[in-house]
Every structure is written in structure tokens, then in C-alpha cells.
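Chemist: Pasting in a structure now, in C-alpha cells, and then I'll have a few things to ask.
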Amino acid sequence: MAWLGDDDFLIPFTDATKDEGQRLHEEGDVSLLESCEGDFYEAHVRFFRRHHAVWLERKDGGCEHECTCAWFENEGSGCAHLWALVLASNQTRRTDEWGDDGPPAIIPTWLMVRARKRVRLAARWTGEADDEGGERPLLADAEHLERVTDPRDVALIKLLEPIAGGRRNLLDGGGFMDPDGPWEIPPESRAEVLQAAARTERLFFETSDEKIRPLVIDDDVATHDLLLGFDEDEAVAGRLRLAGWLIAADDTRRALDDADLLIRGAAPVAVLDGRLVKVETFGADEWLTLLAKGKTFPVDPDETASVMERLATSGPLPRIALSPDTPPLPLERTAPIGRAVITRMRRDLVCDLKLRYGPQELPPESGARCVLDVARGCQWSRDLDGEAALASRLDVQEGLLPDEGVYGRWWVDPDRFEDVAADLLEAGFEVIAEDRPYRQSGAPALLLSSGLDWFDLEGGVSFEGAETVSLPRLVAALRAGKRFVDLADGGRGLLPAAWLEKVRGVLELGRTEGDAVRFSRAQALMLEPLAESGDVDASTGDLVALRDALSTLAEPPEHAAPSRFGGELRPYQHRGLGWLRTLSEARLGGCLADDMGLGKTVQVLAFLQSLGTDPIEGVAAAPVLIVVPRSLLWNWQREAARFTPDLDVYIHHGPKRRRDAPAVSSTTLVLTTYGTLQRDLELFAAVPWAVVVLDESQAVKNPRSKNALAVRTLQAAVRVSLTGTPVENHARDLWSQMEFLNPGLLGTEKRFLEMTGAGGDGGTRALLARALRPLILRRTKEEVAPDLPDRIEQTVLTPMGDEQEALYARLRDESARSLGQRVDSEGIGGLKLHVLEALLRLRQVACHPGLVDPALRGAASGKIDLLCDELSQVAGSGHKALVFSQFTGLLGIVRERLDAEELTYAYLDGKTRDREAPVTRFQEDAACPLFLISLKAGGHGLNLTAADYVFLLDPWWNPAVEAQAIDRAHRIGRKSKVVAYRLVARGTVEERILELQQRKRELADALLAETEGPLGSLTEEDLRLLLG
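In this note's numbering, the protein residues as written are 23 to 1050.
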């Protein structure tokens, strides 16, 4: 009698019932009570704490059975207790039949069953002869599996056990041809399971015509790509049709019909010539189904590429061949381009990620694994890592929040929309927002052209070829705080902020002319960053020449002094002359800002004379206008007479000055004051000056002052300013002076202050400094020390104020009249004391009228005005100065002026008790740049080496006394040079004594020292000279 199975019962057994019955059997809960020739079995089955009586008897046509459990009585199906008895009876029967040798080994046969889109594996074995034959399914119980002894089968079964999922039959089936019986092998396990089955050498497959053949599976299963292409349409001559092939790695094609077996679905496989191959569809599984079913479509030969492009938009495609005679398009790799598509969803904004390979766009969840690009003649393999990186970039973007319910979608913060769009564009994404393309800017395309005295910068920035936006529009948008500019096609372009910020300072200094930005010649160096970056072709001839000229100004070339120049230039002054000439050749103005005492006046005079002896094209030698403070007017006249006697000089000042332009311009060198310039501005503005020079140009530092407005109306081929104050330290001062020197160079005052103020950027300030550097020449005494003597002494003639001059004239006339009458009657010999007293009063008035008349303490003094201007420059440039006077009353007036101008100083006179305190303060305190000293208090014992300037307010021409005062600063061990200024009131007794000194040193010393002895040599002619 055959072993019992569930087919022997009329009632069904569920899988759960069988599992539970097997557990009861294996755990020894079945106690057999009686058996009758193997046909009748009775047992008690323990189930938890209860025992159930169960029996069965095999008869022809079926099996009778019964159990005392409630399940058997109520459910009408087999119970676990009955199944446990079935297993126990089979075990008893096998033991009886096999005897001591045990059961025979099971050698299963494996079959891959054809089942549409699934791979199913069936296992059968041939058992002992019985009523029903020997072919059986392999059961998943221990009794069967223990009889499988071939190691290859054992290894395969271990792979299949988790797949079986507890089913009684490991790979069940009513027969090889039953497609519903064999167990499905999941795609992820398919290769490993089938290869293990192939190693048993008992693996077969069912062909499409239902034949059983051996199946070979290599350890390294080959992959064939599904190829979609065209072949001749047999139904219509001259037409093509879509067709499919399997293509090997060597491009060998096999028609799909050639396959012995084709199993579609996930991880499809095919059998070619009895050998299993993988089929790569690149996600185009539907095409495999269509082509396998013989579906085809007619195509015009001229439309193959367009057909494929249209098909690519409808879903994934496999490998592609564009014509019957061409190989498949190559598979190439490229990074995907992320496209952020921002749309409005009711009241919200959402951003969906799309992936672009070539012209094709697909969502992240697309199953396509390659993308067609007909234009490039290839198919792009998808870069899944690159796509994941794009999604990760969106995850961390500020203003985006991932939508947990939709893959590839983010919520957009409306308040940060433009920031999001800009950031994504800069990160390499394409951005489409509400059907408007947002475009990244391309490289600037600029063209530079030139005119007589200007350069035009034209062009702009292209936005992905859609439109080129002009420079003025870009700057206007940036100035308005925008990140995007509207484009003509409805799109929006992201401003190239980094580039614009780099060149913004340049562009804003120019003047808009239509779609161009115009620059003056003086602004040539402003264009240097554009030229260096390659943004503009700077090979324009005029610009190259100008840049070459300006580049030499970093190290000014030396130029020899004119042959008839009445002095010798020091090496740095030769370079200053070369600098002035180079600027003039370039038609540019410059600011000579050397330290005080380095001879700015001398360098300018040498330059002016060189225009006559060594002409510069386009620059006439005359007329020249020099505008100075009133206090320096006659000093310029004196220096010109000394160094350039060939230049005829006219001082345009005072009530007798000329009133018409031809008369003024007929002189080579015209000297005037800032005040006179204002009063006669119409006259000066009418003259085409060759050169205009502003001395002490800080007088025009306020751009809205009358002085500044006046000088900017002057016509001049060359403009020069002189100052001892480093103008680059004060933005408004710098703009005002440069607006005179090179009009328009720094743009508008408002914009210039914005660029150089707290809101400006370092790059723009660096650009301005770079462009201005050639136009400002500043040398400190320390820099040119090797060219200087230890001490530099200069005599400066100063004018008197109106009240001062009137008082001096009155006292002079009274003294001349009274002394003249007494000389006539008494002779000069007895008038020594009277002469000294008169001269002292005149010397005091020459310094300041308040020394004689306290009511005039607030009156103007040219000497004090000049002194305070110079002291302000000393303090502003980081130097220190000593001021000496024998009149403590004069020092008191100077103190009042310094207090009013908030200049810090130390003070020492004969009444100072603690002499050391002011000395230490001046020497050691950097915030104390000035020291006022009376001659009596400072004559001996002071060591004031911190000073590098000395001002002698009331000269005493005794060389020993004068040297003693200067030596307070110039002591042994001092490295810096000392410049001493002797201030002399023009047209006064001070100047007369200076003249007398050249002839009668001893007499001059006596007059200044107020001693009687040497006055014996004083003649009536000398007295008339002094009082003249």
C-alpha cells in the first residue's frame, strides 16, 4: 500500500493544519495504540494538556478517519491530530519496508517552467514503484530532505528553503506542465538559484513549443541588451518597421524569435541555443513585451530619428539603432542636469525635480536607465549617484522643505523664492518658475572704442543666448538691489553678481551714453581690471599708449632740469619733473603731495621752464596760472625770480590788477590768490591756460566751496595741484581735488563717497587706489633722506593783513618823519635808542598788530595765517614741529589760533616752572605734534629730536642764535632730516634787514639783538632803507 497523503482524504487539510500536525509528530506527541497490517492505525495525540483519540483506516476508494477534537467535529476539515497520525503511519510503513538499510536516496530533476513573466522552478523525483507510478514532488519535510544527499542538490535546497516559505511541498506541482504548481523565484534570487540548479547537471527548461531540453547556465551569465531598431517592412516596399533584437557585447544581433525561451517581467531572461542569458531592457520592459508579441509599426525611412525622439518622450527606451545598416548608438556617461520646476499649487509654491540628459527630461522615479540624444548620436546612461546628489542639494537648500508624500518634490518658502532660484542657478540647476525660464548669465561680451578724449565700453552680458542685456541696465538693476533682470522673452536672468561687484566701481564711475558707458582719458586705469580679466579687448591704440604711459609713473622717470634753470635738482626732484612731464604728455592732471620742505615749488618751476625748452605736443609753454594762498603769493614771485628768471611773472592781485583777459594772458606766468580768482572768475575762465597750478590745494577740499567751484571752471591743457597733506586719507578732499585735476575721474561725489565709505567694498576701494596711484606723487622726508642735506633752511616771504599793513605804514611814516627831522638837526649818532625802539615796534607789527595795539589782537596776520596752515599740514601728515619766537605775546596769539583749530601742542616760556614736563610730552606723546617755545626759554639745554620741522616766527639773523634754535631738533643721533622755515613779512623792516645783512652782517645782528654797540656804523642811507 502506498504512503498516505492529502489526496487520500475527501476532506481538505490546510497548510497551517499540516504544519501543526508535523510539529506534533516531530515532537513525539503521537502515541500509536494499534496497527493492523498497515491499514488501520489508532493513536492518542497530546495537544497541550489534553489527549485526543484519533484513528484512520485505508480502504479501496478512500480513507476512513475520526478524531475526538472539536475542530474535527465542527469545521468539516482535517485536523492537526489526524495529520500527525498520517505522518506517524507513513513513518511506520517506511521502517517496515526499508528495513535496517534506511530509505533510498532521492535524486531530483529540476525544471525551469515557462510561465509568462515569471521564472518558476519545479523539482520531481522518482520513488519506489506503487499503484500510481514513481514521479513525485519534492516535499519540504525532513523525511524527504534527509534523503537528498548530492552536495549540489543540498546547496540548491538551502537557497530554496527561505523561498518556500514553510510550504509542505518545497517546489510543488501536479506535473512539469502545470504552470501554477512550481514555486516562483524572485528576481533578486534568480541568478544565484538558477546557477546552483545548473551545477546539478539535472536542469531542464520547457521551450516555447512545450519540449523539454537541458539548460546550460554559465557561472558568469552573459547579458544581452534589448535593441529597438528598424528593418525592411515586407508588407510595404520601401518602408521600414520597428523591430527588436537581442544584442551581445560584441554587437552580434539575435532576433527575439530566435530565443528558445523568453521570460519577461522584472530581471528578464532568455534562453539562446540552450544557454541562459540575462536581458537588459534599460527599463523599457513594455517594449520587450510588445516586440515579443510581434507588435510592429511602419516607419518612413526619412523619419527614423524623429520617430525615436517622439518615442523617447513617451517612456523608457532600450538600446537604439537609427537605421537598418547602422550599429546601435553608443552608451555614454554624463552628469545629469537638475531642472527645478517651480509651480503654484493653490496658495503654495512647490518645486519638482526633473533630470535632463541631453534634450530629454525625465522625473527621478522614471524606470528608464538610458536616455536618447539623437543630436549627439548616443544614449546617455543614467547616473544614479549624480541624481541622488542633485536631490540631496535640494534637501539642504534654505527655503525648500521636502514633501514627505511625493518623491522629488519640495515646498518653497514664498518669501525666499528669489534666493532659492538664484542659489539653484548658481549651483548648476536649470530653473523654470511658473512657466518662466530663469537663466544663468554667460561671460561678458564687451567692446572698447575710443574718441578724442574718451573711451566707450559697449556690450553686455548674454543670458543663455536668449538676450544680451546692456551694461547700464545691469548696473541699474544691481543698484536697485535686484537679483534678476527681466528678459524680452518673458524669462528672467540672474545678474552676474560676483562679476558686477568686481566691476561695479568701474562702471559706476563712467557716464551712461545710450547702451554704452563712457570714460574719460583720465579713467584709463579704471579699465585695467577688465583688461586683465579678459572681459574686454584692451588693445585699442589710444588706451594702450595711455596705459603704457601711466605704467611708467609707478617709478617716475628722471628728467634733466632745463639748461637755463637757476638751481640744481636733487634726484627725487628729477623724478618729480619726469612725473609731471609724463602726466602732461598723457593729458592728465596730477597731485604733487611731497612732504613740506621737499621743494614742490622748485619742481613745478622746473617743469614750467621745460615746456619752453623741451616742448610737449599739445601743451603750450604759456600762459600759466598759479593760484596760491595770499600768504605765499610773493614767495612764489621770489622763487620764480631765483630759479626761472626767463619766465616773466605777473601778480594779479590788488586794486591795480589788469581787468581784461588778453592783458592777463600776455604774461608767461600769472600768480593770483584764491580770493582774487573768485572775484575775477569770468576773466580767468575766458583764458585757455596751458597749465593751471593750485598751491596748498587743500583750499579746494570742500567740493561745494567757492574756491572749489571757481577752479573747476578754468580751461587748461594740464592741471597740477600741490599739497603737503596726504589727500588719499580724506575721501571728500580727494574727490574735490581730483575733480579739478581730472574732471569726471571719480564719478559723482555722492557715488564716490558711497564706494569709499563704510558701505563700500574693499575691491572697489582697491581699484580706486590703483587707478589714483599714478596721479598722486607723494614722497616723505624719510623716503628721500639720502637725497637731502642734514638741514634744509628756507626763507618764506609772507604778506600782511589789511589792518596790519595800515598800522605798519602809519608807524613807519611816523618813525621816518620824527627820526628824519632829528637826524637833520642832531645827527644820527645820538639817536641809537630811538632807532632801536622804532625798529622794535615795526618788527612787532610785522609779526602781528596785536603786539602793539591790543585792540587789533583779532586782526589778520599773513605770517600767522601761513604758520597755522603749515602746522595743520605737519600735524595731519604725522610729523612734529617746533615754533620759536622771542615775543611771548606772539606765541600767545598763536596758541589762541591753535586752540580754535583744535590742534594739540606743548608750550614753554620763561615763566614755565616744570620745563621737563612739556619736553617729555612733546618727545614721547604721538598725539602732541607741536611745541611753542620762547627764544629765552629754549635757547639752551633742550633736546627735541622728535621734531623734523622748525618755524622761526621773528627772525634773528645771527647765525649762531638761529642755528642754536634749529639745533634743538637737529641733534646727534637723529636719523630724520630737519626743515627750518624762516618767516619774513614782505615789505617790512624784516625784509630790509635781510637785504642789509648781505652788506653789513654785524649791523644787522645788532639791530635784531637790540644792542647799541655796532650801531655806530648805521648811516642815514641805512636808516632810510630800514624805514623805506
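Every residue gets a Cβ at the ideal spot worked out from N, C-alpha and C, and that includes glycine. Keep in mind it's a predicted model, so treat the numbers as computed, not measured.
1) For Leu496 and Leu614, I'd like the C-alpha separation in whole angstroms.
2) Just to confirm the assignment: which complete alpha helix (DSSP H) runs, minimum length 4, are found wholly within the segment 713–776?
3) Cutting at 7 Å between CB atoms, please list the residues of its own chain near Asp417, excluding the five before and the five after it.
4) From Arg917, Val916, Leu966 and Ala949, pick the residue whose C-alpha is nearest to that of Arg937; which is it?
5) Between which residues of its own chain and Ala244 is the CB-CB distance below 6 Å, once the five residues before and five after are set aside?
6) Based on the DSSP secondary-structure assignment, which residues constitute the bridge partners of Ile673?
7) Asp324 to Val141, Cα distance in whole Å?
8) With DSSP as the reference, label Leu344 as helix, strand or coil.
9) Between which two residues does the alpha helix (DSSP H) holding Ala939 run?
10) Around the C-beta of Lys40, are 16 or more other C-beta atoms found within 10 angstroms, so that it is buried, or is it exposed?
11) Give me the Cα-Cα distance between Glu804 and Ala969, rounded to the nearest whole angstrom.
12) Determine the direct distance from the alpha carbon of Ala583 to that of Ile814, and round the result to whole angstroms.
13) Please report how far the alpha carbon of Leu763 lies from the alpha carbon of Glu607, in whole angstroms.
14) Let me know the secondary structure DSSP gives Ser472 once reduced to three states.
15) Could you tell me whether the segment 536–543 touches the segment 489–507, where touching means 3 or more Cβ pairs closer than 8 Å?
16) Could you round the C-beta distance between Ile129 and Asp172 to whole angstroms and report it? I think they count as a contact, below 8 Å.
17) By the three-class DSSP mapping on this structure, what secondary structure does Glu923 have?
18) Taking the DSSP output, what are the residues bridged to Thr490?
19) Is the distance from the Cβ of Phe485 to the Cβ of Glu440 below 8 Å?
20) With distance defined between alpha-carbon atoms, name the residue in Pro518, Val135 and Ile886 nearest to Leu225.
21) Could you have a look at Leu133 and say whether DSSP puts it in helix, strand or coil?
22) Would you tell me roughly how many angstroms separate the C-alpha atoms of Phe198 and Ala144, rounded to the nearest one?
23) Less than 8 Å separating the beta-carbons of Gln659 and Leu627?
24) What's the C-alpha gap between Ala1002 and Gly884?
25) Hey, would you say Pro871 sits closer than 8 Å to Leu829, going by beta carbons?
26) So, helix, strand or coil for Arg1046, using DSSP?
27) Going by DSSP, what residue range makes up the alpha helix (DSSP H) through Phe94?
28) If Leu1049 sits next to Ala838, beta carbons under 8 Å apart, how far is it from one beta carbon to the other, in whole angstroms?
29) From Glu387, Gly473 and Leu375, pick the residue whose C-alpha is nearest to that of Ala455; which is it?
30) Identify, in the order they occur along the chain, each residue of the same chain with its Cβ nearer than 7 Å to the Cβ of Leu669, setting aside the five sequence neighbours on each side.
31) Identify every run of the alpha helix (DSSP H) within the segment 433–465, keeping only runs that are complete inside it and at least 4 residues long; order them along the chain.
32) Between which two residues does the alpha helix (DSSP H) carrying Cys869 extend?
33) What did DSSP end up calling Tyr971 once you bin it into helix, strand or coil?
34) Could you please give me the residues that DSSP links to Gln816 through a beta bridge?
35) For Met367, list the residues DSSP reports as bridge partners.
36) Please work out which residues of its chain come closer than 6 Å, Cβ to Cβ, to Ala642, disregarding the five sequence neighbours upstream and downstream, and give them in chain order.
Modeler: A quick look at the data gives this:
1) 37 Å
2) 728–733 and 753–763
3) Pro424
4) Leu966
5) Val299
6) Leu693
7) 41 Å
8) coil
9) Glu938 to Glu946
10) buried
11) 13 Å
12) 20 Å
13) 14 Å
14) strand
15) Contact between the segment 536–543 and the segment 489–507 is established, with three or more Cβ pairs separated by less than 8 Å.
16) 7 Å
17) Assignment of Glu923 by DSSP, reduced to helix, strand and coil, places it in the coil class.
18) Ser484
19) no
20) Per the Cα distances, Val135.
21) In this structure, Leu133 counts as strand in the three-state DSSP scheme.
22) Residue confidence is low: Phe198 scores 37 on pLDDT, short of 50, so the model does not pin down where it sits. Its coordinate-derived value is still stated next. Looking at the two C-alpha atoms, the distance is approximately 7 Å.
23) no
24) 18 Å
25) If you check the CB distance, Pro871 and Leu829 come in under 8 Å.
26) Here Arg1046 sits in helix by DSSP.
27) Ala92 to Glu97
28) About 4 Å; that satisfies the 8 Å criterion.
29) Selected option, being the one with the closest Cα: Leu375.
30) The residues are Leu630, Gln631, Ala662, Thr690 and Leu691.
31) Unbroken alpha helix (DSSP H) stretches of 4 residues or longer found wholly inside the segment 433–465: 439–448, given in chain order.
32) Lys854 to Cys869
33) strand
34) Tyr1003
35) For Met367, which the question treats as bridged, DSSP gives the partners Asp370.
36) Ala712
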